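Protein chains in written order, with the working numbering: chain A, 1 to 290; chain B, 1001 to 1290.
Ideal Cβ placement from N, Cα and C applies to all residues, glycine included.
What you are looking at is a predicted structure, and each value in this text was computed from that prediction instead of being measured.
Each remark here refers to the structure printed beneath this line.
There are 2 protein chains.
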Amino acid sequence: MSQHFADRLAQAVRKKNTGLCVGLDPRYASLPNDLKAEFDHSYAGVAIAYQTFCLRVLELVEPFSAVVKPQSAFFEQCGPDGMKAQQLVMRRAREMGFITILDAKRGDIASTATAYAQAAAQVWNADAITVNPYLGRDAVEPFLNVARHDGRGVFVLVRTSNPGAGLFQDLKCNGRRVFEVVADEVGSWSIENLAHCGFGDVGAVVGATHPEELKDLRQRLPNVWFLVPGYGAQGGSAADVRAAFRSDGLGAIINSSRGITFPFQPDDPNWESAIVEAAKKAALELRIAN
Amino acid sequence: MSQHFADRLAQAVRKKNTGLCVGLDPRYASLPNDLKAEFDHSYAGVAIAYQTFCLRVLELVEPFSAVVKPQSAFFEQCGPDGMKAQQLVMRRAREMGFITILDAKRGDIASTATAYAQAAAQVWNADAITVNPYLGRDAVEPFLNVARHDGRGVFVLVRTSNPGAGLFQDLKCNGRRVFEVVADEVGSWSIENLAHCGFGDVGAVVGATHPEELKDLRQRLPNVWFLVPGYGAQGGSAADVRAAFRSDGLGAIINSSRGITFPFQPDDPNWESAIVEAAKKAALELRIAN
Chain A
1 MSQHFADRLA
11 QAVRKKNTGL
21 CVGLDPRYAS
31 LPNDLKAEFD
41 HSYAGVAIAY
51 QTFCLRVLEL
61 VEPFSAVVKP
71 QSAFFEQCGP
81 DGMKAQQLVM
91 RRAREMGFIT
101 ILDAKRGDIA
111 STATAYAQAA
121 AQVWNADAIT
131 VNPYLGRDAV
141 EPFLNVARHD
151 GRGVFVLVRT
161 SNPGAGLFQD
171 LKCNGRRVFE
181 VVADEVGSWS
191 IENLAHCGFG
201 DVGAVVGATH
211 PEELKDLRQR
221 LPNVWFLVPG
231 YGAQGGSAAD
241 VRAAFRSDGL
251 GAIINSSRGI
261 TFPFQPDDPN
271 WESAIVEAAK
281 KAALELRIAN
Chain B
1001 MSQHFADRLA
1011 QAVRKKNTGL
1021 CVGLDPRYAS
1031 LPNDLKAEFD
1041 HSYAGVAIAY
1051 QTFCLRVLEL
1061 VEPFSAVVKP
1071 QSAFFEQCGP
1081 DGMKAQQLVM
1091 RRAREMGFIT
1101 ILDAKRGDIA
1111 STATAYAQAA
1121 AQVWNADAIT
1131 VNPYLGRDAV
1141 EPFLNVARHD
1151 GRGVFVLVRT
1161 SNPGAGLFQD
1171 LKCNGRRVFE
1181 VVADEVGSWS
1191 IENLAHCGFG
1201 DVGAVVGATH
1211 PEELKDLRQR
1221 LPNVWFLVPG
1231 YGAQGGSAAD
1241 VRAAFRSDGL
1251 GAIINSSRGI
1261 TFPFQPDDPN
1271 WESAIVEAAK
1281 KAALELRIAN
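Have a look at this one:
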């Protein structure tokens, strides 16, 4: 039997002694000039540039991070060649021992959701995938079923990190806001399958840009791993995200994308050491109680 | 300047005299045996089987439908080869004069949403893409910006067709249900850019499985094209969807996937004529007032 996703995540985080997750959001304009010069500007060329860059980032951040989160949109932007790059980056990350979260924010009705879930597990070989809750439980269910088949996980969007997140998520319904209703559902789905560490295989995406809500949600969802975007470039600080952790330092992985992968100007020849320094600093800031 | 999406859609629908949209949801188990026998069962083999089947469907339904809606999940399930098949099917459909809606239900924060939107326009060359509203206006905005750049459109999920759609969509907030709040937003986004036909370039996905709500939403959103899934195999009837149309027969495209593309058993040698008959029948049922 496969080990439970939440235990695998807890082990990986304990081993690296940090809740840091490195987001892989390759953007052409931000890539180092010396790397860009090796490839042409066709879809295939950009896809290989993304792949080359991301594989190098994996090596550079490996000592400082247990989790990586490739953002599917940027690979999709390069078409089928980009999807090949995504597949290769996901595979290599897993081989290196990273827990891999494919940030795809998928969501569809049952039979279609099953296709996305199977793609996530079999094609992309993701340890977990991010999922949008708008369609309800029966649309999330296929992701759970596929994930539970072999020790994978699902992260459901609860409170996103964007400035306009509140438009629908903050609507008040009988005393609870929409994202709180979603959170309570996620909590009940999560306890269906708890691991030794006390967490379930259904996580919640909660933005670092809302520290008060992060704190409330931690109390509301004691058994739920949080994936926290919005740290670093989007404005969330280490103090902001502290409330996301359980007292033993588990329960949250804090994502930084640009802050770690692009802490340099494209013409900086020392971009690799800039990445190492950024990852080291973030990992220290997010050190867990071991 | 590119022609407005809503006018292009209106013209296409008037020309074929039907609101029928054919959903391309290729499923391996349902494919005709004689077609499956031509390809191996590798990812690449299944992808080419999907491509071959969908291209044949396009030819068969061309007289009866103005709009096709490839479902991205099934292509993604075949990995990068599947994405190549998706690209080719989308391209051929557009060349044949179909309005193409990529059913991808994407949604992410701004810079990431821009990547998805550019992929939809440039890589997949979709006339429109389906988008999930959970993250709010600033997450939908990049899709609008890219679409408005050259006469494309966006369909926002409002009320989905799955049995559990109501879990979050039906929550009551100050007298309005969540999907009604989303609907009202979609209505206000839509009138920002109205076409000659009176519709905007932001449409709404509204399931045929909720006929009462379809009727209410038609009155609530007089300027919004509806994309109506759930007709046929999911249980919605022609009578159920009548309320989705404006009095001149425009304003709604009614999607049928399995009902048109798989009205046969895999061992049926006459599967092509079965598709033609199913498309002809559905097109007649959904004939518009011209």
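Closest by C-alpha distance to residue i, when choosing among the options
| i | options | result |
| --- | --- | --- |
| B:P1032 | B:V1241, B:S1190, B:S1273 and B:H1004 | B:S1273 |
| A:Q71 | A:R152, A:P26, A:W225 and A:I275 | A:P26 |
| A:K105 | A:A73, A:M90 and A:S111 | A:A73 |
| A:T112 | B:A1128, B:G1153, B:R1094 and B:E1076 | B:E1076 |
| A:I260 | A:E185, A:H4, A:D34 and A:V57 | A:V57 |
| A:A147 | A:S65, A:L88, A:V202 and A:V241 | A:V202 |
| B:Q1122 | A:G79, A:A93, A:V89 and A:A117 | A:G79 |
| A:Q11 | A:P266, A:A195, A:D240 and A:L217 | A:A195 |
| A:T209 | A:L102, A:H149, A:S237 and A:V156 | A:S237 |
| B:I1254 | B:G1097, B:Y1231 and B:N1270 | B:Y1231 |
| A:L9 | A:A128, A:E59, A:Y28 and A:A165 | A:A128 |
| B:V1068 | B:Y1043, B:A1049, B:I1275 and B:G1023 | B:G1023 |
| B:D1240 | B:Q1265, B:V1276 and B:L1286 | B:L1286 |
| B:L1088 | B:E1180, B:T1114, B:P1063 and B:A1126 | B:A1126 |
| B:V1158 | B:V1131, B:P1222 and B:D1150 | B:V1131 |
Length of the line joining the Cα atoms of residue i and residue j
| i | j | result |
| --- | --- | --- |
| B:K1015 | B:P1211 | 27 Å |
| A:A282 | A:I288 | 12 Å |
| B:S1190 | B:Q1003 | 16 Å |
| A:D81 | A:Q219 | 43 Å |
| A:Q86 | B:K1084 | 15 Å |
| A:D184 | B:Y1116 | 30 Å |
| B:L1055 | B:G1175 | 47 Å |
| B:D1268 | B:A1233 | 19 Å |
| B:R1094 | B:T1100 | 6 Å |
| B:F1199 | A:V61 | 50 Å |
| A:L144 | A:G187 | 13 Å |
| B:G1045 | A:D108 | 25 Å |
| A:T52 | A:L35 | 8 Å |
| B:V1156 | B:V1224 | 10 Å |
| B:T1018 | B:Q1169 | 30 Å |
| A:H41 | A:S30 | 14 Å |
| B:R971 | A:P133 | Past the edges of chain B, shown from 1001 to 1290, lies residue 971 of chain B, and the structure says nothing about it. |
| B:R1152 | B:L1214 | 24 Å |
| B:C1021 | B:F1098 | 10 Å |
Opposing strand residues paired with residue i [DSSP bridges]
| i | result |
| --- | --- |
| A:I48 | A:I48 is not bridged to any residue. |
| B:I1129 | B:L1102 and B:V1154 |
| B:R1159 | B:V1206 |
| A:N255 | A:C21 |
| B:L1194 | B:G1200 |
| A:K69 | A:G23 |
| B:V1228 | B:I1254 |
| A:R94 | According to DSSP, A:R94 bridges with nothing at all. |
| A:K172 | A:R177 |
| B:G1236 | B:Y1231 |
| A:R287 | A:T18 |
Cross-chain neighbours of residue i in chain B, by beta carbon under 7 Å
| i | result |
| --- | --- |
| A:D108 | A1073 and K1105 |
| A:N132 | G1107, N1132 and Y1134 |
| A:V178 | F1168, L1171 and V1178 |
| A:V146 | In chain order: nothing, as chain B lies at least about 11 Å away. |
Neighbour list for residue i in chain B, Cβ cutoff strictly below 8 Å
| i | result |
| --- | --- |
| A:R137 | G1164 and L1167 |
Residues that residue i contacts on chain A, provided the C-beta gap is smaller than 8 Å
| i | result |
| --- | --- |
| B:V1182 | F168 |
| B:A1119 | A73, E76, Q77 and G79 |
| B:T1018 | Result: empty, since nearest Cβ-Cβ is about 24 Å, beyond 8 Å. |
Chain-ordered chain A contacts of residue i [CB-CB under 9 Å]
| i | result |
| --- | --- |
| B:K1172 | C173 and N174 |
Interface flag, residue i vs chain C, CB-CB below 8 Å
| i | result |
| --- | --- |
| B:L1194 | In the structure shown, chain C does not exist; the protein chains are A and B. |
Interface residues of chain A facing residue i [CB-CB closer than 7 Å]
| i | result |
| --- | --- |
| B:Y1116 | A73 and E76 |
| B:T1100 | Here the premise fails: no neighbours, minimum Cβ distance about 16 Å. |
Chain-ordered chain B contacts of residue i [CB-CB under 9 Å]
| i | result |
| --- | --- |
| A:V206 | What A:V206 touches in chain B: nothing, since even the nearest Cβ is about 13 Å away. |
| A:V123 | Y1043, E1076, Q1077, C1078, G1079, P1080 and G1082 |
| A:T52 | None at all; the shortest Cβ gap to chain B is about 17 Å. |
Residue i CB to nearest heavy atom of the ligand ZN below 7 Å
| i | result |
| --- | --- |
| A:R56 | Here there are no bound small molecules, and the ligand ZN is not part of this structure. |
Name the residues in the region 1236-1268 of chain B whose C-beta lies less than 7 Å from a C-beta of chain A; which are they? none
Which residues, in chain order, does the region 55-89 of chain A contribute to contact with chain B at a C-beta distance below 7 Å? Q71, A73, F74, E76, Q77, G79, P80, M83, K84 and Q87
What are the residues of the region 1148-1161 of chain B that lie near chain A, defined by any Cβ-Cβ distance shorter than 9 Å? L1157, T1160 and S1161
With 7 Å as the limit, tell me which residues of the region 1200-1226 of chain B have their beta carbon closer than that to any beta carbon of chain A; keep them in chain order. none
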